[in-house]
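Each protein sequence line maps, in turn, to chains A and B.
For the first sequence, my numbering gives the first residue as 2, with consecutive numbering after it.
For the second sequence, my numbering gives the first residue as 2, with consecutive numbering after it.
Below: one structure, written as structure tokens.
2 protein chains.
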Amino acid sequence: MLNCGNFHSFIMSFKKYLSVIVFCFSIGIISAQQSKNFIQYVNPFVGTKNMGHTFPGATRPFGMVQLSPETDAQAYVVDGKYNPNAYAYCAGYQYNDTTIVGFSHTHFSGTGHSDLGDFLVMPMVGELLLNPGMSSSPETGYRSRFSHKEEKAEPNYYQVYLSDYKINAELTSSTRVGFHRYTFPKTDSANIVLDLMSGIYNFDEKNVWTFVRVENDTLVTGYRQTQGWARTRTVYFALSFSKPFSLYGHKKYDEQVYRGFWRKFDETKNFPEMAGRQLRAYFQFETEETEEILLKFALSSTSTSGALKNLETEIPHWNFDKIKKEGQLEWNHELAKIDIETINVADKETFYTALYHSFLSPIEYMDVDGAYKGLDGNIHYAKDFTNYTIFSLWDTYRALHPLFNLIQPGRNKDMMESLLAHYDQSVHPMLPVWSHYANENWCMIGYHSVSVLADALIKDVLKPESYQRALSASAQTANTDYYDGIELYKKLGFVPDDKNTSSVSKTLEYAYDDWCITQMAEKLNDSSIAQEFGKRALSYQNVFNKARISMAPRLENGEWRKEFDKLSTHGQGFIEGNAWNYSLYLPQSPEKLIALMGGKKAFELHLDSLFTQHLDDKYFEQTEDITRDGIIGLYVHGNEPGHHIPFLYNWTNAPWKTQARVRMIMESMYSNSNDGLCGNDDAGQMSAWYIFNALGFYPVAPGSDRYAIGSPLVKTAKISFENGNKLQIYVRNQNRENVYIQNIELNGKKINRLYLTHNELTQGGILEFKMGSKPNKDLGSSD
Amino acid sequence: MLNCGNFHSFIMSFKKYLSVIVFCFSIGIISAQQSKNFIQYVNPFVGTKNMGHTFPGATRPFGMVQLSPETDAQAYVVDGKYNPNAYAYCAGYQYNDTTIVGFSHTHFSGTGHSDLGDFLVMPMVGELLLNPGMSSSPETGYRSRFSHKEEKAEPNYYQVYLSDYKINAELTSSTRVGFHRYTFPKTDSANIVLDLMSGIYNFDEKNVWTFVRVENDTLVTGYRQTQGWARTRTVYFALSFSKPFSLYGHKKYDEQVYRGFWRKFDETKNFPEMAGRQLRAYFQFETEETEEILLKFALSSTSTSGALKNLETEIPHWNFDKIKKEGQLEWNHELAKIDIETINVADKETFYTALYHSFLSPIEYMDVDGAYKGLDGNIHYAKDFTNYTIFSLWDTYRALHPLFNLIQPGRNKDMMESLLAHYDQSVHPMLPVWSHYANENWCMIGYHSVSVLADALIKDVLKPESYQRALSASAQTANTDYYDGIELYKKLGFVPDDKNTSSVSKTLEYAYDDWCITQMAEKLNDSSIAQEFGKRALSYQNVFNKARISMAPRLENGEWRKEFDKLSTHGQGFIEGNAWNYSLYLPQSPEKLIALMGGKKAFELHLDSLFTQHLDDKYFEQTEDITRDGIIGLYVHGNEPGHHIPFLYNWTNAPWKTQARVRMIMESMYSNSNDGLCGNDDAGQMSAWYIFNALGFYPVAPGSDRYAIGSPLVKTAKISFENGNKLQIYVRNQNRENVYIQNIELNGKKINRLYLTHNELTQGGILEFKMGSKPNKDLGSSD
């Protein structure tokens, strides 16, 4: 939301007016060049309230630096125990908070577990305070109060007035460099704190080592090495100040002593090397009224020299507004790929914000020269591709990577190369499960890299020379016997519940992944792999309990587990979804699922009851990550395992129920407000779901080339593909009530089926939907 | 000492006989190629008893890998307090110990403080024990008893029979790779332990992070990152086994949990990634009787891929005896540079062992491709030079680097490039004070890189293109105001005792270093620097107290410190030498010192009394590092500040007293036995002193081209210089009593002075001494 009007006018200096003028001018340029301003519809605050886990800070599309405010530094572990309050701070920012601790340079967007928050920078005036203080008494630390009235967020721009210090803080970025502009009051005691102890999901031993080197009076380098979700992760930095500091120093909070000083130095002040596990540094200045101090903060995974190279290459000047403008042009270019009209501006804001959130990760992960630290800890060079990291694959295989295959195939191609590079560097070797910063964190279940590769291969997005690599990496990954029950899964045909947790979820997801491998093998005519995995792909049958008409947990001896509550998620063989939801997880073969479940009518009723039953509070409490708003009956939109469920009506005799349901979900589960996400955005998966559905179709089974037709929300959409083709979508008679498709025409020809193929979309042309307030029950009858 | 005869014959298998035959054959090859076998005179055990701090293990000359047994792993800090027992284990081995803990890959030789001991490997059979156990009950841990009767050490070869396990262990090495050969008994439970917790001068928080990656069933990589004497130091490894292990695992001893496993794996067994602060790994085998398992253990400062490259390049095969032989040929080649005859074989052993100890550090510090981690933490490539580390400069500027200028100018040239590279990477910027593994540990005092560079420059060993770099780096280093009293030293002309410790020692050593800079500046015609430092070089005058006829501590207000005891070292303004000794520290200008001290006769008497007074026990206890045997009167040979003192008689009317004194020191302070060093060898300085003196001369003031003449110990010596010239030294009438030089002839011309110049030596020819039992008091009268 652009709070332009509220921008605190009292502290508006002439300089600030000027920057607003420059901004408006830059928007003008955007308009002239791209004819439309899309970034105006992005509200980076969406999802920052409650559990969206998004952040409002400044970043480029898929940028390595994601520079954003932290509103509370919650320890992940307190007194040896998990601190449940930390969960709200996965992305560092909570909209209801009233203080800002500082601005850090790395964030996940929407994840359900966390890490990062590297290199917290905070400007302050007055007595130097080297601790963040408490939100209840901000004056005891370096944090400051702030008001949303004096805060603004746009793509690649964030601004906040730090009222305790009368400092206006502005952030922008290039891909690898965070750019800070602080406007100070007149003071002889301005300090910029660099807190190396701060971090997201922190715990006492999280910092493995930190290092700061003051190269000269405007340049500082260093690194932070952590353990935690990433087993061991090092981020290097180079920090350049626009003005020389007059004094600097640090305080160390760990007991370890650098045993080499021999008392020759007062290490704490003006000594250019600072090292230890826990330290906070500061840089001191005198400032005139409204004097600006700018900071460029570059990151690298390889070295401080890499960070310095990134800094010098990406921002060789001090023109903050230029970098902001370039970033906003870049965002506008990305957002312009789908040019929509909607029945109201709120939907447009929800849409473009979702598109924005879809483009926040994976992030570019290499220096400007292609160097990056690989999974094996060695420095590698990305040859002929851009290396990416942050792969939340259990989430993103469903819709985010399929979305990329449609509108970001160039980037997704490189993301696939990044998965394969990870595989090459893996000791197991395995494709990523959940990887970030050259670490496998093994989060969640399955081996969904396989799905992502299959989808890219089937849709010809993958580099042809990587087809075989992708297939053999997938087959090898799926045969890692010691991984999460694979050995028994292969032997028994299912993961036994007495030998592994979430046994049914794993069996079902492995079966789907195995189907994906089969798709690849068939396309590449590898009959041996196709046969092996074609067989494995049927494993879902082994956990279908006919008596219970449900997927159910089974023991190693073949018997069904006795204690079994279809509504319960925990300890029942499922994860982030109960048996009700997971029993519908056969995206690759809905027709087979329907057969198992008793035929089309029974299945339709089953789906109906899913959406209409009431979930008792005792079960709701087991449902992770989401609010009451995130569920409809037993259907949980805030978690992923059900994301394909609303489309399953398409395989029954009542496909119009899909149309009504997806419109309802779009209306009720998404909005353009701060609490506009009903659960974690999950690295863009929730947002990507929305993008597809707003356009009227959804990839129910990535790895196939089909998109199931739902019900479009837009009035019109123009998708500009990277191949140069354009698809124009027209939705006739669109309004809130007309959720039912009456008629579909593709390039003037009526189609009477409930799917579109990837080629049909990407060859461009005109796709026309005619809507009505009553179902056309004939639609799809030829399917 | 070569205990060939004692080698435990019971366990001698045919294979072992074979290896002995191969060894004898290789010695044969040495004889054929180089005509003489010098390595037979080297006893690596010299200095391993008491405080020599040497190690008996296997290494190449200046090799990065110094693979040697640890006899006790003493923690440096116990219950938060310094553990005085750790000091004896600076090099890991104490001759009187009865157990061996294992074999680690990095060691200092002779230093007075410590670090390293990376990657302890220990073979064992029977129940797997993952702790070292106590020396009092070795059966409780993986350590083993051993006997010196079943132990052998030669250059590049170490062997010991681990009697608790009936394992014969042999070690050899290439420059970057340690090579282990373990001969096992028949067992189904052979284990090779890799202890990443073990280290020299260990303390609880010393390990910052460790990592092990099992690449396949014969290859393991990883690293150890430590803090401590080196602020932060990472050593990477690649370990190759000659036989696949059947099982492996590890135990973690720190509480930190890798929070990414999600309970998917039993991390402790057969899981190929191990990480944490404190861990011990093991690799399991079945073995037949006398089965050999070999290990190649490569190191790198840059990466595991660097270590792997080093491994593959240096030892691409499994021929242990070949590597041993190549290393012994290399050692023989180095030792052959000085070919001596002595009046008995013991002196020869003492001499060649000293030469061996002189060639153990600095060590080569780069991968085979020239890559190394620099002081700035970045990877650098050594262009046109070999990069070295371990510069114990307060010790080694005196005689070790001057010795290199004479017989290792090629290496010393590269060492000088290494110092300058350190300077280029230093943030201060400063040349090294005491540096190892890309860390400045700031140990001891002065800025003696300056002396080392000056000596190399004056003697034309330094690369001509580095002359100006050396001068400006030296001048800049000496002007680092915040370093150890420099600001006040420049302002007051001395380091004030109320503002800094060891104030007099620092003032005197700064003055000497400043004189060295002056020598460089004068040679390079830089009158500005020559003037600046020529003036600073006179600072010694400011701490000479005429009333006390002594160098003495002075306060910032110019007054002399009242409490002052010339015999005391501690808290009196001195370090590793009391006022008696330090008052004689003006190596650059003995004649000026003599003037200050009241003229030649008074000075001679003063020297006499130094060597004849008894040092009371209360003062002896303050004298660090040395045994009672290491002092003569008040003269402390076991510490360095007096190493030039015996030569000062040369500037009086009684130069023959120098001759008697140096012979006495050689006879009483050095021997070919395990306790053959009277103090720490100090990275070769003590040994280098011996080499010079055995040849009859000594570099009293490095930075000048003169060597003061002492009294040779050898009967003959042939020095082969790298320029192709040879100097033949003949000592006529040599015996134990004839310590007085009667006559000196250089190339047939009598010289009646008490010094030789560097050019005179390196142009080669014949130097002849004629000895007698009574002084020739005329000798040097024309000086």
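In this text, a Cβ means the ideal position worked out from N, Cα and C, and glycines have one as well.
As the structure is a prediction and not an experimental result, all values here were calculated from the model.
Cβ separation of ASN413 (chain B) and HIS402 (chain B), assumed to be a contact under 8 Å, to the nearest whole Å:
As a first step, residue 413 (chain B) must be located in the second sequence, where it is residue number 412. As a first step, residue 402 (chain B) must be located in the second sequence, where it is residue number 401. About 6 Å; that satisfies the 8 Å criterion.
Counting only runs that start and end within the region 251–327 of chain A, where is the beta strand (DSSP E) found for 3 or more residues in a row?
Fully enclosed beta strand (DSSP E) runs of 3 or longer: 274–277, 280–288, 292–301.
In terms of alpha-carbon separation, which member of B:TYR202, B:GLY600, B:PRO713, B:PHE298 lies closest to VAL221 (chain B)?
Position 220 of the second sequence, counting from 1, holds the residue named residue 221 (chain B). Nearest C-alpha to VAL221 (chain B): B:PHE298.
In angstroms with no decimal places, state the Cα-to-Cα distance between LYS507 (chain A) and LYS771 (chain A).
As a working mapping, residue 507 (chain A) is identified with position 506 in the first sequence. As a working mapping, residue 771 (chain A) is identified with position 770 in the first sequence. Here the alpha carbon of LYS507 (chain A) sits roughly 41 Å from the alpha carbon of LYS771 (chain A).
On the criterion of 16 or more Cβ atoms from any shown chain inside 10 Å, does PRO497 (chain B) qualify as buried, or is it exposed?
Numbered from its first residue, the second sequence carries residue 497 (chain B) at position 496. With 16 or more Cβ atoms within 10 Å of its Cβ, PRO497 (chain B) is classed as buried.
Just checking, does the region 445–460 of chain A make contact with the region 477–488 of chain A on the three C-beta pairs under 8 Å criterion?
Flag = yes, the region 445–460 of chain A and the region 477–488 of chain A touch.
Residue span of the beta strand (DSSP E) that contains VAL122 (chain B), given as start and end:
Here residue 122 (chain B) refers to the residue found at position 121 when the second sequence is read from its first residue. Residues 121–126.
Could you tell me if PRO85 (chain A) is buried or exposed, where buried requires 16 or more neighbouring beta carbons within 10 angstroms of its beta carbon?
Start at 1 with the first residue of the first sequence, and residue 85 (chain A) comes out as number 84. By the beta-carbon neighbour count (other beta carbons within 10 angstroms, threshold 16), PRO85 (chain A) is exposed.
Taking 7 Å as the CB-CB limit, is PRO85 (chain A) close to chain B?
Counted from its first residue, the first sequence places residue 85 (chain A) at position 84. The C-beta of PRO85 (chain A) comes no closer than 7 Å to any C-beta of chain B.
Ranges of the beta strand (DSSP E) found wholly within the region 383–459 of chain B, counting only runs of at least 3:
435–437
Would ARG737 (chain A) be called buried (16 or more neighbouring beta carbons within 10 Å of its own) or exposed?
As a first step, residue 737 (chain A) is located in the first sequence; it is residue number 736 there, counting from the start. Label assigned to ARG737 (chain A): exposed.
To the nearest angstrom, how far is the alpha carbon of PRO273 (chain A) from that of THR219 (chain A)?
Taking the first sequence and counting its residues from 1, the one referred to as residue 273 (chain A) is at position 272. Taking the first sequence and counting its residues from 1, the one referred to as residue 219 (chain A) is at position 218. Cα to Cα, PRO273 (chain A) sits roughly 12 Å from THR219 (chain A).
Taking the Cβ atom as the reference point for each residue, do GLY711 (chain B) and THR659 (chain B) lie within a distance shorter than 7 Å?
As a position in the second sequence, residue 711 (chain B) is number 710, starting the count at 1. As a position in the second sequence, residue 659 (chain B) is number 658, starting the count at 1. Taking 7 Å as the Cβ cut-off, GLY711 (chain B) and THR659 (chain B) qualify as a contacting pair.
Can you give me the start and stop residues for the alpha helix (DSSP H) that SER721 (chain B) sits inside?
As a position in the second sequence, residue 721 (chain B) is number 720, starting the count at 1. From DSSP, SER721 (chain B) is part of no alpha helix (DSSP H) but of the beta strand (DSSP E) over 717–721.
Judging by CA-CA distance, which residue of A:HIS181, A:ALA695, A:PHE147 is the nearest neighbour of VAL161 (chain A)?
Position 160 of the first sequence, counted from the first residue, corresponds to residue 161 (chain A). Nearest option by C-alpha distance: A:PHE147.
Taking 7 Å as the limit between beta carbons, can you name the residues of its chain near PHE24 (chain B), skipping five residues before and five after?
Within the second sequence, numbered from 1, the residue matching residue 24 (chain B) stands at position 23. Unreliable positioning characterises PHE24 (chain B) in this predicted model, as indicated by a pLDDT of 44, which lies under 50. A coordinate reading is not provided.
Quick one: list the residues of chain B neighbouring TYR484 (chain A), beta-carbon separation under 9 Å, in chain order.
As a first step, residue 484 (chain A) must be located in the first sequence, where it is residue number 483. Result: LYS265, PHE266.
Kindly list the residues whose CB is nearer than 6 Å to the CB of HIS645 (chain A), restricted to its own chain and excluding five residues on each side of it in sequence; keep chain order.
The residue you call residue 645 (chain A) lines up with position 644 of the first sequence. Only PRO588, VAL701 meet the Cβ criterion.
Is the beta carbon of SER175 (chain B) closer than 7 Å to that of GLU293 (chain B)?
Locating residue 293 (chain B) in the second sequence gives position 292, counting from the first residue. Locating residue 175 (chain B) in the second sequence gives position 174, counting from the first residue. The answer is no: Cβ separation not under 7 Å.
Counting only the same chain and skipping the five closest in sequence on each side, list residues whose C-beta sits under 7 Å from that of PHE286 (chain A).
Mapped onto the first sequence, residue 286 (chain A) falls at position 285. Shown here for PHE286 (chain A): same chain residues with a beta carbon closer than 7 Å to its own, the five before and five after excluded, namely ALA191, LYS244, PHE246, SER247, ILE294 in chain order.
Taking 7 Å as the threshold (beta carbon to beta carbon), is ARG234 (chain B) in contact with chain A?
Position 233 of the second sequence, counted from the first residue, corresponds to residue 234 (chain B). With 7 Å as the cut-off, ARG234 (chain B) does not count as an interface residue toward chain A.
Nearest candidate by alpha-carbon position, reference ASN97 (chain B), set B:ASN51, B:ILE339, B:ARG177
What you label residue 97 (chain B) is simply residue 96 of the second sequence in a count that begins at 1. The shortest Cα separation from ASN97 (chain B) among B:ASN51, B:ILE339, B:ARG177 belongs to B:ASN51.
According to DSSP, ARG664 (chain B) sits in a beta bridge with which residue or residues?
Mapped onto the second sequence, residue 664 (chain B) falls at position 663. Answer by DSSP bridge pairing: none, since ARG664 (chain B) is not bridged.
Relative to the alpha-carbon of VAL66 (chain B), which residue among B:LYS619, B:ASP377, B:SER301 has its alpha-carbon at the smallest distance?
Within the second sequence, residue 66 (chain B) is the residue found at index 65, counting from 1. Minimum Cα distance to VAL66 (chain B) is reached at B:SER301.
Pull up the distance between the alpha-carbon of SER241 (chain A) and that of VAL428 (chain B), whole angstroms please.
Translated into the one-based positions of the first sequence, residue 241 (chain A) becomes position 240. Translated into the one-based positions of the second sequence, residue 428 (chain B) becomes position 427. Their Cα atoms are separated by approximately 16 Å.
Beta-bridge partners of PRO196 (chain A), as assigned by DSSP:
If you number the first sequence from 1, residue 196 (chain A) lands on position 195. Before going on, a small fix: residue 196 (chain A) reads as Asp here, not Pro. For ASP196 (chain A), which the question treats as bridged, DSSP gives the partners A:LEU121, A:ARG281.
If we define contact as Cβ-Cβ less than 7 Å, is TRP210 (chain A) a contact residue for chain B?
What you label residue 210 (chain A) is simply residue 209 of the first sequence in a count that begins at 1. Answer yes: the Cβ-Cβ gap between TRP210 (chain A) and chain B drops below 7 Å somewhere.
With distances taken from CA atoms, which of A:ASN44, A:SER359, A:MET521, A:ALA661 is nearest ALA347 (chain A)?
Here the question's residue 347 (chain A) lines up with position 346 in the first sequence. When only C-alpha atoms are compared, the closest one is A:ASN44.
Which value, in whole angstroms, describes the spacing of the CA atoms of SER610 (chain B) and PHE360 (chain B)?
Position 609 of the second sequence, counted from the first residue, corresponds to residue 610 (chain B). Position 359 of the second sequence, counted from the first residue, corresponds to residue 360 (chain B). Their backbone Cα atoms lie some 35 Å apart in a straight line.
Using the beta-carbon of each residue, which ones in chain A are nearer than 8 Å to HIS429 (chain B)?
If you number the second sequence from 1, residue 429 (chain B) lands on position 428. Going along chain A in sequence order, the residues near HIS429 (chain B) (Cβ under 8 Å) are PRO273.
Name, please, each residue of chain B whose Cβ falls closer than 8 Å to the Cβ of VAL451 (chain A).
Within the first sequence, numbered from 1, the residue matching residue 451 (chain A) stands at position 450. Chain B residues near VAL451 (chain A): none, gap ~17 Å exceeds 8 Å.
Touching by the beta-carbon criterion (3+ pairs, under 8 Å), the region 387–402 of chain A and the region 452–470 of chain A:
yes
Just how far apart, CA to CA, sit PHE621 (chain A) and ARG629 (chain A)?
Here residue 621 (chain A) refers to the residue found at position 620 when the first sequence is read from its first residue. Here residue 629 (chain A) refers to the residue found at position 628 when the first sequence is read from its first residue. Roughly 8 Å between the two C-alpha positions.
Given that THR305 (chain B) touches chain A, what residues does it touch there, using C-beta distances under 8 Å?
As a first step, residue 305 (chain B) must be located in the second sequence, where it is residue number 304. In chain order: ASP377, GLY378, ASN379.
Express the C-alpha separation of PRO703 (chain B) and CYS517 (chain B) in angstroms, rounding to a whole number.
One-based indexing of the second sequence puts residue 517 (chain B) at position 516. One-based indexing of the second sequence puts residue 703 (chain B) at position 702. Each residue's Cα considered, the two are about 8 Å apart.
Contact set between ARG214 (chain A) and chain B, taken where Cβ atoms lie within less than 9 Å:
Here residue 214 (chain A) refers to the residue found at position 213 of the first sequence. Here the neighbours are ASP377, GLY378, VAL428.
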